[in-house]
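**Q** Would you mind keeping the following structure in view while I ask a few things?
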Amino acid sequence: MSDQIHIPVTALTGSATLQPRIAVERSGSVEAFPANGRTFYLETFGCQMNVHDSEKVAGVLLHRGYRQVDSPTEADLVLYNTCSIREKAAQKVFSRLGQLRHGADRQLVGVLGCVAQQEGEQIFERAPWVNLVCGSASYRRLPELLAELEAGHRRVVGLDTNPEEPFETEFTKRDNPFRAYVTIIEGCDKSCAYCVVPATRGPERSRASDSILAEVRGLVDLGYTEVQLLGQNVNSYRDPSPRRLSFAELLDAVAQIPGLRRVRFATSHPRDFHPDIVQAIEANSVLCDHVHLPVQSGSTRILQLMNREYTREQYLERVESIRRARRPISLTTDLIVGFPGETEADFEQTLSLLDEVGYDGAFSFKFSPRPNTAALRLPDDVPESEKGRRLTVLQERQRQIQLRRNQALVGSTVEVMVEGRSRPGQWTGRTSSNRVVNFSSPRVPNLGEYLQVRIQAAGPHSLVGEQVL
Ligand code: 5AD
Ligand code: SF4
Numbered sequence: 001m002s003d004q005i006h007i008p009v010t011a012l013t014g015s016a017t018l019q020p021r022i023a024v025e026r027s028g029s030v031e032a033f034p035a036n037g038r039t040f041y042l043e044t045f046g047c048q049m050n051v052h053d054s055e056k057v058a059g060v061l062l063h064r065g066y067r068q069v070d071s072p073t074e075a076d077l078v079l080y081n082t083c084s085i086r087e088k089a090a091q092k093v094f095s096r097l098g099q100l101r102h103g104a105d106r107q108l109v110g111v112l113g114c115v116a117q118q119e120g121e122q123i124f125e126r127a128p129w130v131n132l133v134c135g136s137a138s139y140r141r142l143p144e145l146l147a148e149l150e151a152g153h154r155r156v157v158g159l160d161t162n163p164e165e166p167f168e169t170e171f172t173k174r175d176n177p178f179r180a181y182v183t184i185i186e187g188c189d190k191s192c193a194y195c196v197v198p199a200t201r202g203p204e205r206s207r208a209s210d211s212i213l214a215e216v217r218g219l220v221d222l223g224y225t226e227v228q229l230l231g232q233n234v235n236s237y238r239d240p241s242p243r244r245l246s247f248a249e250l251l252d253a254v255a256q257i258p259g260l261r262r263v264r265f266a267t268s269h270p271r272d273f274h275p276d277i278v279q280a281i282e283a284n285s286v287l288c289d290h291v292h293l294p295v296q297s298g299s300t301r302i303l304q305l306m307n308r309e310y311t312r313e314q315y316l317e318r319v320e321s322i323r324r325a326r327r328p329i330s331l332t333t334d335l336i337v338g339f340p341g342e343t344e345a346d347f348e349q350t351l352s353l354l355d356e357v358g359y360d361g362a363f364s365f366k367f368s369p370r371p372n373t374a375a376l377r378l379p380d381d382v383p384e385s386e387k388g389r390r391l392t393v394l395q396e397r398q399r400q401i402q403l404r405r406n407q408a409l410v411g412s413t414v415e416v417m418v419e420g421r422s423r424p425g426q427w428t429g430r431t432s433s434n435r436v437v438n439f440s441s442p443r444v445p446n447l448g449e450y451l452q453v454r455i456q457a458a459g460p461h462s463l464v465g466e467q468v469l
């Protein structure tokens, strides 16, 4: 039937218990929806939450009969799922929108996500050719908003601020056939002074544990072996159902699902990172040997200005509990340099924290003042050039640390899930600890397969090895 489109989707019912509705072959196309003759292009900026939201948005559109295309010029509807965590990310969207200004008579344009929520209807003033502005708290209403667009409305808005539940869709078009994202909590109730997320993603809402577990079981049935539990603060998880599982109990329950090989979770907030999480990891080999625990600064004074609700010493206690685990758990972090008032001495404290903790990876950023945040009231007093210098110094220090930690793995054998080809004759994958391994193999491995690889060399960002048969 030529007017049918076939897409690989993961199908779930929209009901509270989210039972898988159809069994879907992992690589196969599953459900046919009548095509509506329209095409969409969707580009995503920002974090994994946004990537996963886009998978759900694509599910909504495909279910409606839209066909996904790879370039904005071919699309009837162009959507940008945006990030506003730093000024640069937000600007990128407006430059993308600028490129579309001459297509207004033949295509519709939508801004989704954090910039949509933050800028609201002002986007129509800055880019009058935009037709849809929709924040993540309104995605539940997407079918209704799309229907308005299809009916010819030219300014359609979804800017709810207080959604009751996380956004779940009947269909999710997952981009990765082996690793599936699963939302467990949305929004954020913390008030870090630098951060737009509470304003853009609204208050915390956790998903019922039964619904999460049913989704993961459905994913295993579809052939996924790795899931990543997502949330702005996963360890603030509070089960709204009568089971009242804690986050650690939820991890435990997910890990028990037969057929799963790896469970990851991100991001954890140090304040709520309790020893029961480490105990869950120790007890379940399926829970990956990796914790991402953003510290932001090594100076207690700056942490207080940031309103992080922990001191350097309290953070180090959390690290200690992770380091004491019976199996090695890799630890990664996020850091901000040049927060208002950060002195050279504060920055030195961050450098010394890097040495003391010995992170396996770190994402580091220059402070960027954001609208609707408390830090906006503080003078952005570290000059841009000094922020740049501190970032370079910090990244070089961290590079050395990572190199040393990775080199300690040379000679060991690790389990790798194959993700793709790195260059002719070489394959790439990840360890449970989230390290990238490029390796050779005497045969062509299957994507998604788990292999034993002996590590022969190490750089700061990846390992090199060969498959052990
Ligand atoms: N400026 C710079 N970096 C920021 N982050 C969040 N807000 C800002 C900001 N205003 C960083 C933090 C956070 C990561 C996702 O982005 O390190 O953990
Ligand atoms: Fe960016 Fe934060 Fe929004 Fe994710 S939640 S897209 S990091 S602003």
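301 is the number that the numbering used here gives to position 301 of the sequence shown; each next residue is one higher, with no gaps. Heads up, the beta-carbon is just placed ideally off N, CA and C, and yes, glycines get one too.
Shorter than 7 Å, the distance from the beta carbon of Phe365 to the closest heavy atom of the ligand 5AD, or not?
**A** Position 365 of the sequence shown holds residue 365. Phe365: yes, Cβ under 7 Å from the ligand 5AD.
**Q** Is any heavy atom of the ligand 5AD found at a distance shorter than 7 Å from the C-beta of Pro294?
**A** Residue mapping note: residue 294 aligns to position 294 of the sequence shown, counting from 1. Answer for Pro294: yes, Cβ within range of the ligand 5AD.
**Q** One question on the structure: do Val471 and Leu213 come within less than 8 Å of each other, judged by their Cβ atoms?
**A** Only positions 1 to 469 of the chain appear in this structure, which leaves residue 471 out of reach.
**Q** Please tell me whether, using a cut-off of 7 Å, the distance from the CB of Ile336 to the nearest non-hydrogen atom of the ligand 5AD is below it.
**A** Residue numbering aside, residue 336 sits at position 336 when the sequence shown is read from its first letter. Ile336: yes, Cβ under 7 Å from the ligand 5AD.
**Q** Quick check: Leu331 and Leu293, are their CB atoms within less than 8 Å of each other?
**A** As a first step, residue 331 must be located in the sequence shown, where it is residue number 331. As a first step, residue 293 must be located in the sequence shown, where it is residue number 293. Yes.
**Q** Looking at C-alpha atoms only, which residue of Leu230, Glu226 and Ile123 is the closest neighbour of Ser95?
**A** Start at 1 with the first residue of the sequence shown, and residue 95 comes out as number 95. Comparing Cα positions, the closest option is Ile123.
**Q** Restricting to Cα atoms, I'd like to know which of Arg238, Arg86 and Thr44 is closest to Asp70.
**A** Numbered from its first residue, the sequence shown carries residue 70 at position 70. Here the closest residue by C-alpha is Thr44.
**Q** Check each candidate in Pro34, Lys92, Arg86 and Leu146 and name the one with the smallest Cα separation from Asp76.
**A** Walking along the sequence shown from the start, residue 76 turns up at place 76. Residue Leu146 is the option with its Cα nearest to Asp76.
**Q** On the premise that Ser236 lies in contact with Asp189, defined as a C-beta separation below 8 Å, what is that separation, rounded to the nearest angstrom?
**A** Taking the first residue of the sequence shown as position 1, residue 189 is located at position 189. Taking the first residue of the sequence shown as position 1, residue 236 is located at position 236. Confirmed, Cβ separation roughly 7 Å.
**Q** For His292, which of helix, strand or coil comes out of DSSP?
**A** Working through the sequence shown from its first residue, we reach residue 292 at position 292. Looking at His292 - three-state DSSP - the assignment turns out to be strand.
**Q** Mapping the DSSP letters down to three states, classify Val24 as helix, strand or coil.
**A** The sequence position of residue 24 within the sequence shown is 24, counting from 1. Residue confidence is low: Val24 scores 29 on pLDDT, short of 50, so the model does not pin down where it sits. Its coordinate-derived value is still stated next. Residue state, collapsed to three classes: coil.
**Q** Between Ala208 and Asp239, how many whole angstroms is the CB-CB distance? I'm expecting something under 8 Å.
**A** Numbered from its first residue, the sequence shown carries residue 208 at position 208. Numbered from its first residue, the sequence shown carries residue 239 at position 239. Confirmed, about 7 Å.
**Q** Is Leu97 near Val130, with beta carbons less than 8 Å apart?
**A** Mapped onto the sequence shown, residue 97 falls at position 97. Mapped onto the sequence shown, residue 130 falls at position 130. Yes; because the gap between Cβ atoms is below 8 Å, this pair is in contact.
**Q** Would you identify the three-state DSSP class for Ala362, choosing helix, strand or coil?
**A** Here residue 362 corresponds to residue number 362 of the sequence shown, with the count starting at 1. Looking at Ala362 - three-state DSSP - the assignment turns out to be strand.
**Q** Take Asn434 and list the residues in its own chain whose beta-carbon comes closer than 6 Å to its own, dropping the five residues that flank it on each side.
**A** Position 434 of the sequence shown holds residue 434. Correct list, in chain order: His290.
**Q** According to DSSP, is Asp346 part of a helix, a strand, or is it coil?
**A** For the purposes of this step, residue 346 is taken as residue 346 along the sequence shown, with counting starting at 1. Three-state DSSP puts Asp346 in a helix.
**Q** Going by the beta-carbon positions, is the gap between Asn307 and Ala193 smaller than 8 Å?
**A** Working through the sequence shown from its first residue, we reach residue 307 at position 307. Working through the sequence shown from its first residue, we reach residue 193 at position 193. Closer than 8 Å, so yes.
**Q** Just the Cα atoms here: how many angstroms apart are Leu108 and Thr392?
**A** If you number the sequence shown from 1, residue 108 lands on position 108. If you number the sequence shown from 1, residue 392 lands on position 392. One C-alpha to the other measures close to 42 Å.
**Q** Alpha carbons only, please: which of Gln99, Pro445 and Ser440 is nearest the one belonging to Ala457?
**A** Walking along the sequence shown from the start, residue 457 turns up at place 457. The candidate whose alpha carbon is nearest that of Ala457 is Ser440.
**Q** To the nearest angstrom, report how far apart Val24 and Pro163 are at their CA atoms.
**A** Against the sequence shown, residue 24 aligns to sequence position 24. Against the sequence shown, residue 163 aligns to sequence position 163. Because Val24 carries a pLDDT of 29, less than 50, the predicted location of this residue cannot be relied on, and no value is offered for it.
**Q** Is there a Cβ of chain D sitting closer than 8 Å to that of Val78, yes or no?
**A** Of the chains in the structure shown, none is chain D; there is only one protein chain.
**Q** State the DSSP-derived secondary structure class of Ala247, mapped to helix, strand or coil.
**A** The residue labelled residue 247 in the question sits at position 247 within the sequence shown. Correcting the residue identity first, residue 247 is Phe in this sequence and not Ala. The answer is helix: DSSP assigns Phe247 an H, G or I state.
**Q** Write down the C-beta distance between Thr225 and Leu260 rounded to the nearest angstrom, noting that I regard them as a contact closer than 8 Å.
**A** Working through the sequence shown from its first residue, we reach residue 225 at position 225. Working through the sequence shown from its first residue, we reach residue 260 at position 260. That belief holds up - the Cβ atoms of Thr225 and Leu260 are roughly 6 Å apart, short of 8 Å.
**Q** Just to confirm before moving on: does the CB-CB distance between Val418 and Leu451 stay below 8 Å?
**A** If you number the sequence shown from 1, residue 418 lands on position 418. If you number the sequence shown from 1, residue 451 lands on position 451. Taking 8 Å as the Cβ cut-off, Val418 and Leu451 qualify as a contacting pair.
**Q** Looking only at its chain, what residues have a beta carbon closer than 6 Å to the beta carbon of Pro369, apart from the 5 residues adjacent to it on each side?
**A** Working through the sequence shown from its first residue, we reach residue 369 at position 369. Around Pro369: Leu376 and Asp380.
**Q** When you measure from the CB of Cys192 to every non-hydrogen atom of the ligand SF4, does any distance come out below 7 Å?
**A** Along the sequence shown, read from residue 1 onward, the residue named residue 192 stands at position 192. Cys192: no, Cβ never under 7 Å from the ligand SF4.
**Q** Quick one: is Gly425 buried, meaning 16 or more other Cβ sit within 10 Å of its Cβ, or exposed?
**A** Locating residue 425 in the sequence shown gives position 425, where the first residue counts as 1. When all chains shown are included, Gly425 counts as exposed.
**Q** List the endpoints of the continuous alpha helix (DSSP H) containing Val216.
**A** Taking the sequence shown and counting its residues from 1, the one referred to as residue 216 is at position 216. Element bounds for Val216: Ser209 to Asp221.
**Q** Distance, Cα to Cα, Ser432 vs Pro203?
**A** As a working mapping, residue 432 is identified with position 432 in the sequence shown. As a working mapping, residue 203 is identified with position 203 in the sequence shown. So the two alpha carbons sit approximately 31 Å from each other.
**Q** Restricting to runs no shorter than 3 residues, where is the beta strand (DSSP E) found entirely within the region 55 to 127?
**A** Runs found: 77 to 82 and 108 to 112.
**Q** Can you tell me where the alpha helix (DSSP H) with Gly465 in it begins and where it stops?
**A** For the purposes of this step, residue 465 is identified with residue 465 of the sequence shown, where counting begins at 1. Counting along the chain, Gly465 falls outside any alpha helix (DSSP H), though it belongs to the beta strand (DSSP E) covering Ser462 to Gln467.
**Q** In whole angstroms, what separates the C-alpha of Ser268 from that of His63?
**A** To locate residue 268, count along the sequence shown from 1; it is residue 268. To locate residue 63, count along the sequence shown from 1; it is residue 63. In a straight line, the C-alpha of Ser268 is about 33 Å away from that of His63.
**Q** Starting from Gln426 and walking both ways along the beta strand (DSSP E), at which residues does that stretch end?
**A** Walking along the sequence shown from the start, residue 426 turns up at place 426. Element bounds for Gln426: Gln426 to Arg430.
**Q** List the whole-angstrom C-beta distance separating Val444 from Gly429, where the pair is believed to meet the contact cut-off of C-beta under 8 Å.
**A** Here the question's residue 444 lines up with position 444 in the sequence shown. Here the question's residue 429 lines up with position 429 in the sequence shown. The Cβ separation is near 14 Å, so there is no contact.
**Q** Can you give me the Cβ contacts of Gln407 inside the same chain, cut-off strictly under 8 Å, excluding the 5 residues immediately before and after it?
**A** Here residue 407 refers to the residue found at position 407 when the sequence shown is read from its first residue. So the qualifying residues of the chain are Ala458.
**Q** Using C-beta distances below 6 Å, list every residue in its chain close to Arg38, excluding the 5 sequence neighbours before and after it, in chain order.
**A** The sequence position of residue 38 within the sequence shown is 38, counting from 1. Closer than 6 Å at the Cβ level, and outside the excluded window around Arg38, lie Tyr66 and Asp76.
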